[in-house]
Amino acid sequence: METYDHKSELTNVLVIGCGGAGLRAAIEIKSQGLDVKILGKRPKTDPHTVLAAGGVNAAFGNLDKADSWEQHFIDTYLEGYGIGDAVQIEMMAKEAPTLVEEIDNWGANFAKLDNGKLDQRFFGAHKFRRTCYSGDYTGYSILKTLLKKADELNIPIFDSQYVSELLVKDGTCFGAMSFDTISSKRSIYFADAVILCTGGHTRLWKKSSSRKNENTGDGYHLALKAGCALIDMEMVQFHPSGMVLPEEIAGTLVTEAVRGEGGMLFNNRGERFMVNYDKERMELSTRDKVAIANYTEISEGRGTKNGAVYLDISHKDREFIMKKIPSIYRQFIETQMLDISKKPMEVAPTAHYSMGGIHVNALEHCTTVNGLFAAGEVAGGLHGANRLGGNSLAEILIFGKRAGIASVNYSRKINYQLRCYETVQRAHANINKFLKKGKELAIPLQNDLREIMWKYCGVVKNKDLLLIGLQKIRNIKSKLKNLDVRIDETSCKDLVFALDLESSLISSESTVLSAIEREESRGAHQRSDFPKINREKNFNVFTKLNKNNDQLEIKKKPIKKIRQELNDLVSNAKQDNIIKNKLLE
Ligand SMILES: Cc1cc2nc3c(=O)[nH]c(=O)nc-3n(C[C@H](O)[C@H](O)[C@H](O)COP(=O)(O)OP(=O)(O)OC[C@H]3O[C@@H](n4cnc5c(N)ncnc54)[C@H](O)[C@@H]3O)c2cc1C
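According to the numbering used here, the sequence shown is numbered sequentially starting from 1.
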């Protein structure tokens, strides 16, 4: 049904994405008196943010008095292997206490100590107990609170709107095109400023802790087409333990608390193999090291027939397990009829978090396109080569708010709202080009892509694998023009899947190209052909779309110089290897 019809809407700021970052941004904008609208492509009560379990970091020092923003900075910077944006990290470390306290006061109801202060738990690689939490459902309680606040402020949320294009003219963004995911009716949202809060791209791997139809890299695609750069797309965090069965939910997270509570890893010979990878810390080693250990055992033939290793906590009694890790106990009973107090689980690494993303200025989270901002998992730079657990929930609150304020300031300063008929027509044409019969279906191609990313751009990569993967991605890309996309008044799923696939392909391609460019092993990026880190050269990898030939271009740039005071902090920091009692997630 080719059409150039649309409904027009007007707002000061348009927020794309109703996860934690999008909601926090919108609350700030409305509180400052401007008009804001939020769009999302899945139910507002069910964005990726609800999955976050373990907690959110803020250096209150409620239990460990010596904690400070400085130590939070040091832990985050060092664990990011020196390529994280120091200014972003400093902002996060300084502002987290205010923002975490604020959301608790708004109703998140985090766990409290007897003295009424927020309780704090250990998370891996944090020197002190710094992670505030609500049981094992912190993301849900944050989201619920933000939704309540947004409702009190009468912020309109349209959560069945798929954004297919940002409207950009001469380097300025003036809105977005979307369509209703059921009726396919199109809307143009004209806005002074737009904030992208669309999450990451980890659903592109066969095994992923994301769910269907989320994290398909839409924001990266929208940003590239708008003229933005992406930073360090090769930095994808693999969590050591995802479920392998049943196939439909392969990758679903098995929390690191299982290992924290005494779970042991075994290969198919019954060997407790972590002794070969980190003799001291064993199963309590860092996330990247355990992921590589699991991966190596499986790929060298010492895994189970389902492509996993065993994670065993059956030496603990059922009461202990029900008290400490009740959700995991239920997860295995419900999906596999497996009683983990009697038998071991089978687990394998799973793609978990996108550390790279849209390149933004640290303070305002603005992009290089005027009027376009980005916040949350879609933005890059904060985590460098490895994300510490608990830092992303802090990120969505802090930089959601900062992007909100910056968009308000931008909106207040502009003299007129841009319009461009040709840009709008092009946005229509970019949807219309898909609406035809064809030989290919998007879902099988998406599944092929997930296999490719897993096999050729997985936990450990090398140049040969990456080049084969790149070729295979481009082969799928060439099939996009033959997609069969049919829509009617009751469904436009074909169109949704087609656009998901288009975004997934360009996100995969930029990830693989960046991974080829980074000839070293650093944090989450592991290359068997370059097994060592190159400390001499700290650089970021940037991806841009060349509009003239529609090709992605990759550039390495030395990392920005870190401020002397921060540099002194890092240089004087002592490595902390004490892991007793520390949960790792
Ligand atoms: C199992 C699990 C556990 C985790 N635990 C923790 C934890 O304990 N602590 C922590 O700090 N972090 C944790 N994380 C990470 C954290 O949950 C995420 O990084 C964070 O919630 C991302 O929030 P966001 O607002 O950036 O994006 P999301 O919550 O992913 O929201 C993205 C929004 O964008 C919308 N969207 C996407 N594309 C489009 C489009 N084309 N058009 C319209 N809308 C679109 C989506 O519908 C959604 O509303 C965990 C992650 C997982 C998977």
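Yeah, the Cβ is synthetic: ideal placement off N, Cα and C, and Gly gets one too.
Review point. Thinking C-alpha only, which one of A86, R121, Y421, G400 is nearest A25?
Key: G400
Review point. What do you reckon, is the C-beta of R42 under 7 Å from a heavy atom of ligand 1?
Key: yes
Review point. Does the beta-carbon distance from A111 to S134 come in below 8 Å?
Key: yes
Check your understanding: When DSSP labels each residue in this structure, what does P240 get in the three-state scheme?
Key -> strand
Exercise for review: State the Cα-Cα distance for the pair L483 and L449, rounded to the nearest angstrom.
Suggested key: 15 Å
Exercise for review: For K560, count neighbouring Cβ atoms within 10 angstroms of its own Cβ and tell me buried if that reaches 16, exposed if not.
Suggested key: exposed
Exercise for review: Spatial neighbours of I578 within its chain, please: CB distance less than 8 Å, with the 5 preceding and 5 following residues excluded, ordered by chain position.
Suggested key: Model confidence at I578 stands at a pLDDT of 49, short of 50, so the residue's coordinates are unreliable and nothing is read from them.
Exercise for review: Could you check the C-alpha separation between G263 and E79 for me, to the nearest Å?
Suggested key: 24 Å
Review point. So, do the region 505-519 and the region 232-241 have three or more beta carbon pairs nearer to each other than 8 Å?
Key: yes
Review point. How big is the Cα-Cα spacing for A125 and L569?
Key: 17 Å
Practice item. Given a cut-off of 8 Å, decide if F542 and L230 are closer than it, judged by their beta-carbon atoms. Key: yes
Check your understanding: I think H428 touches Y4, with their Cβ atoms under 8 Å apart; what is that distance to the nearest whole Å?
Key -> 5 Å
Review point. Are the CB atoms of I16 and L146 nearer to each other than 8 Å?
Key: no
Practice item. Give the C-beta separation of K342 and S299 to the nearest angstrom, bearing in mind that I take them to be a contact with Cβ-Cβ under 8 Å. Key: The pair is not a contact, with the Cβ atoms about 29 Å apart (cut-off 8 Å).
Point to revise | Distance CB(A312)-CB(F266) smaller than 8 Å | key: Reading off the sequence shown, one finds Asp at residue 312, where the question assumed Ala. Cβ atoms of D312 and F266: closer than 8 Å.
Review point. Would a C-beta distance cut-off of 8 Å place I188 and V369 closer than the cut-off?
Key: no
Review point. Where does H201 fall in DSSP's three states?
Key: coil
Review point. Should S327 be counted as a contact of ligand 2 given a C-beta to heavy atom distance under 7 Å?
Key: Ligand 2 is absent from the structure shown, which contains only ligand 1.
Exercise for review: State whether the region 39-53 contacts the region 428-438, with contact taken as three or more CB pairs (one from each stretch) at a distance under 8 Å.
Suggested key: no
**Study point:** C-alpha gap between E9 and R186, whole angstroms
**Key:** 11 Å
Exercise for review: Output the distance between the C-alpha atoms of D67 and P97, rounded to the nearest integer angstrom.
Suggested key: 12 Å
Check your understanding: Measuring CA to CA, which of S514, D488, I396 is closest to G139?
Key -> I396
Review point. Do you know how far the Cα of N57 is from the Cα of N391?
Key: 6 Å
Point to revise | Own chain partners of P43 with C-beta closer than 7 Å, once the 5 adjacent residues on each side are dropped | key: D159
Check your understanding: Hey, does F110 have any beta-carbon neighbour from chain C nearer than 8 Å?
Key -> Absent from the structure is chain C; it holds one protein chain and no more.
**Study point:** Through-space distance from L441 to S503, alpha-carbon basis
**Key:** 15 Å
Review point. Cβ of P47 within 7 Å of any heavy atom in ligand 1?
Key: yes
**Study point:** Those runs of the alpha helix (DSSP H) which lie wholly inside the region 451-523 and span at least 4 residues
**Key:** 463-479, 493-517
Practice item. Report all residues from its chain with a CB closer than 7 Å to the CB of L445; omit the five preceding and five following residues, and keep chain order. Key: I476, K479, L501
Exercise for review: With distances taken Cα to Cα, identify the nearest neighbour of R522 among L513, S514, N534, T511.
Suggested key: N534
**Study point:** Straight-line gap, A86 to K557 (C-alpha atoms, nearest Å)
**Key:** 16 Å
Review point. Does the region 482-499 touch the region 452-469, meaning 3 or more C-beta pairs lie closer than 8 Å?
Key: no
Review point. Say the cut is 7 Å; is the CB of T490 nearer than that to a heavy atom of ligand 1?
Key: no
Exercise for review: Round the Cβ separation of A348 and A293 to the nearest angstrom and send it over; I've been treating them as touching at under 8 Å.
Suggested key: Wrong, their Cβ atoms sit about 11 Å apart, outside the cutoff.
Check your understanding: With C-beta atoms as the reference, is E261 less than 8 Å away from I325?
Key -> yes
Review point. Is any heavy atom in ligand 1 found nearer than 7 Å to the beta carbon of D278?
Key: no
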